[in-house]
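J.: Let me begin by handing over the structure; questions about it come next.
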Amino acid sequence: MAPLDLANEAQIDAAQTEGQSVDIQVTNPPSESNNPMQEERKTGMSTIKFLNENKEVVFASGANLRFKALENGVDLYTFMGKMMNCGGYGQCGTCLVEIVEGMENLSPRTEVEERKLKKKPDTYRLACQTMVNGSVTVKTKPQK
Ligand code: FES
Numbered sequence: 141m142a143p144l145d146l147a148n149e150a151q152i153d154a155a156q157t158e159g160q161s162v163d164i165q166v167t168n169p170p171s172e173s174n175n176p177m178q179e180e181r182k183t184g185m186s187t188i189k190f191l192n193e194n195k196e197v198v199f200a201s202g203a204n205l206r207f208k209a210l211e212n213g214v215d216l217y218t219f220m221g222k223m224m225n226c227g228g229y230g231q232c233g234t235c236l237v238e239i240v241e242g243m244e245n246l247s248p249r250t251e252v253e254e255r256k257l258k259k260k261p262d263t264y265r266l267a268c269q270t271m272v273n274g275s276v277t278v279k280t281k282p283q284k
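Under my numbering, the letters of the sequence shown match residues 141 to 284, in that order.
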């Protein structure tokens, strides 16, 4: 008997009722998925890849980028930033990062960012103002 399409349950039921053996052909088993976006949707977990530190952090959607970096030992600040950062209130601009991939997975720029980053490329964000909703690649301490 030719393999049956899994979607055709009626055909499978009929064959089993008649005592026939049923060959089931699974065309795309979930365990063989190589697509990280499909995997992300299934698990609700995404990754932040910090390029300079060569570190990947798995997180649940909606995380704050600064918090996730600090929580995982990623140093966001230059020497002056370490001494004078505002603690994540969007006032100092020292938590500047460049988004290399996954810009579409971030919250839009806040008003504070629009003001502070007026002269910076669109790919620059303040980590403390950025919520992450999917996988991204981040470069800390970008050239100013
Ligand atoms: S920590 Fe000060 S602006 Fe982000």
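Using N, Cα and C, we set each Cβ at its ideal position, and we do this for glycine too.
1) By a C-beta neighbour count over all protein chains shown, 10 Å radius and 16 as the cutoff for buried, is residue 169 buried or exposed?
2) Okay, do the region 234-241 and the region 269-281 touch, 3+ Cβ pairs below 8 Å being the bar?
3) Could you work out which residue in 254, 244, 229 is closest to residue 275 when comparing CA atoms only?
4) May I ask you to list the residues that DSSP assigns as paired with residue 203?
5) Does the Cβ of residue 266 lie closer than 7 Å to at least one heavy atom of the ligand FES?
6) Straight-line CA distance for residue 211 to residue 190?
T.: With the given structure in hand:
1) For residue 169, the pLDDT reaches just 44, beneath the cut-off of 50, and the residue's location in the model is therefore unreliable, leaving the point undetermined.
2) yes
3) 244
4) Residue pairing by DSSP places residue 203 opposite 272 in a beta bridge.
5) yes
6) 13 Å
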